[in-house]
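Working notes, beginning with the structure itself.
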Ligand code: PRP
Ligand code: ZN
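Right, dumping it as structure tokens:
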């Protein structure tokens with residue numbers, strides 16, 4: 010029987026859906042019922058474990074799972090020796106300090122001698138120590154945002170994504186402690202068949218991620234401006250240039266990165282490019 014790689018993802022929460030969708034985009038499907046906690050893919054040697062995100066670092070570190078998808082914030086807080094293999098570009102959020110909206114907040118030193126409720130005692134402890142602020146850290150594992158209104162703490166330190174949880178609990182964000190996103194973690198030194206499966210998964214995953222950052226561009230260019238236009242478009246190797254039916258014109262195809270997308274488009278237009286089309290790339294396999 011072929012070995013299977015075990016991946017742990019969040020059972021329910023901010024990252025669950027997108028973690029599954031990413032695996033799906035890698036061509037890996039699962040049959041999932043509403044209460045499934047463990048299942049195998051029928052088209053890739055991967056076993057899926059659906060767990061509380063807070064438990065994933067321990068499970069991967071113990072070898073119950075080989076790899077996992079979870080927030081960098083949880084990885085840092087738990088402090089297990091896991092390898093962060095890849096940032097995944099979704100689940101972006103920040104770990105922030107927040108206080109009741111009516112509080113007249115002036116600065117971090119306002120927290121001196123106060124109680125702060127959090128599920129991130131380690132990260133918060135380090136942050137306060139570095140800042141030289143002595144506060145009492147009150148550890149609670151969930152529904153942290155309720156702590157000030159029930160008199161448990163004067164402030165909280167928790168994950169903020171859209172900000173709606175803070176808003177609906179009458180809190181305002183006052184300091185950003187760290188930023189985070191979903192990451193792929195692995196137990197260090199995966200070997201043998203599992204390593205091979207992991208490499209295969211990673212190849213697919215990087216292809217999907219790369220395609221999310223790049224666009225395919227097609228444009229028409231006057232032949233005499235071609236050099237100038239090609240200089241703007243480095244592409245993967247060099248752009249494809251095809252003659253158009255109209256004399257003196259060519260069609261140029263290439264790939265551009267989303268980071269400098271609009272700058273490139275402006276430059277291309279100024280250089281005389283016309284009929285610019287930009288299309289998404291399904292997979293990018295280099
Ligand atoms: C966080 C945090 C808040 C929520 C904030 O939970 O605890 O409840 O997200 O999001 P919002 O700003 O969009 O309202 P998280 O998904 O990190 O997982 P948890 O339930 O394990 O704490
Ligand atoms: Zn959690």
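In the numbering used here, the protein residues as written are 10 to 295.
Quick reminder that beta carbons are idealized off the backbone N, C-alpha and C, glycines included.
**Prompt:** What do you reckon, is the C-beta of residue 22 under 8 Å from a heavy atom of ligand 2?
**Reply:** Distance from the C-beta of residue 22 to the nearest heavy atom of ligand 2 is below 8 Å.
task: Please find out if some non-hydrogen atom of ligand 2 comes closer than 8 Å to the beta-carbon of residue 110.
output: Because no heavy atom of ligand 2 lies under 8 Å away, the Cβ of residue 110 does not count as near it: no.
Practice task
Return helix, strand or coil for residue 139, following the three-state DSSP convention.
Solution key: Here residue 139 carries a helix assignment [DSSP, helix/strand/coil].
What residues does ligand 2 have around it, judged by CB closer than 5 Å to any heavy atom, in chain order? What you get when you keep residues with a C-beta closer than 5 Å to any heavy atom of ligand 2 is 62, 63.
Practice task
Using alpha carbons as the reference points, say which of 20, 32, 17 lies closest to residue 211.
Solution key: For residue 211, the nearest C-alpha among the options comes from 32.
- request: Give every residue of the same chain whose Cβ lies closer than 8 Å to the Cβ of residue 90, excluding the five residues on either side of it in the sequence, and list them in chain order.
  value: Cβ within range, chain order: 70, 197.
**Study point:** residue 133 versus residue 64 - alpha carbon distance
**Key:** Going by the C-alpha atoms only, they are around 19 Å apart.
*Coarse secondary structure for residue 123, derived from DSSP in three states*: The answer is coil: DSSP assigns residue 123 none of H, G, I, E or B.
Self-check item: Span of the beta strand (DSSP E), counted from its first residue to its last, around residue 222
Solution: The continuous stretches of beta strand (DSSP E) do not include residue 222, which lies in the alpha helix (DSSP H) extending over residues 201-222.
Any non-hydrogen atom of ligand 1 closer than 8 Å to residue 7 Cβ: It is not possible to answer for residue 7, since the shown part of the chain is limited to 10 through 295.
Quiz prompt | Whole-number beta carbon distance between residue 277 and residue 239, since they are thought to touch under 8 Å | solution = Contact between residue 239 and residue 277 does not hold, since their C-beta atoms are separated by about 10 Å, which reaches or exceeds 8 Å.
Quick one: measure Cβ to Cβ for residue 153 and residue 128, integer angstroms, because I've assumed they're closer than 8 Å. With a Cβ gap of about 6 Å, residue 153 and residue 128 count as contacting.
Can you give me the Cβ contacts of residue 203 inside the same chain, cut-off strictly under 7 Å, excluding the 5 residues immediately before and after it? Answer for residue 203: 12, 14, 75, listed in chain order.
Residue 282 and residue 261 closer than 9 Å at C-beta | Closer than 9 Å, so yes.
**Report entry** Given residue 232 as reference, the closest of 218, 46, 259, 177 once Cα atoms are compared
**Finding:** That would be 259, whose Cα lies nearest to the Cα of residue 232.
Hey, could you find the ends of the alpha helix (DSSP H) residue 66 is sitting in? Counting along the chain, the unbroken alpha helix (DSSP H) around residue 66 starts and ends at 65-71.
| said: Below 8 Å on the Cβ atoms is my contact criterion, and I expect residue 48 with residue 57 to pass it. Report the Cβ-Cβ distance as a whole number of Å. | reply: About 5 Å; that satisfies the 8 Å criterion.
Exercise. Could you tell me how far apart the beta carbons of residue 2 and residue 143 are, in whole angstroms, since I believe they sit closer than 8 Å?
Key: With the chain covering 10 to 295 only, the question about residue 2 has no answer from this structure.
C-alpha gap between residue 229 and residue 271, whole angstroms
Computed Cα separation, rounded: 17 Å.
**Item:** Inter-residue spacing [alpha-carbon to alpha-carbon] between residue 290 and residue 46
**Value:** In this structure, the straight-line span from the alpha carbon of residue 290 to that of residue 46 is close to 33 Å.
Q. What number of angstroms, rounded off, separates the C-alpha of residue 235 from the C-alpha of residue 73?
A. Cα-Cα distance, rounded: 57 Å.
Is the beta carbon of residue 174 within less than 8 Å of some heavy atom of ligand 1? Look at residue 174: its beta carbon is less than 8 Å from one of the heavy atoms in ligand 1.
Against chain C, with Cβ distances strictly below 9 Å, would residue 229 count as a contact? You won't find chain C in this structure, because it holds only one protein chain.
Next on the checklist: At a threshold of 8 Å, does residue 151 count as lining ligand 1 (C-beta to nearest heavy atom)?
Outcome noted: Because some heavy atom of ligand 1 lies under 8 Å away, the Cβ of residue 151 counts as near it: yes.
Worksheet item: Who does residue 167 pair with in a DSSP beta bridge?
Response: Answer is 105.
What is the DSSP secondary structure of residue 38, counted as helix, strand or coil? Annotated three-state conformation of residue 38 is coil, per DSSP.
| Are residue 161 and residue 107 close, meaning C-beta to C-beta below 9 Å? | By the CB criterion at 9 Å, residue 161 and residue 107 fall outside the cutoff.
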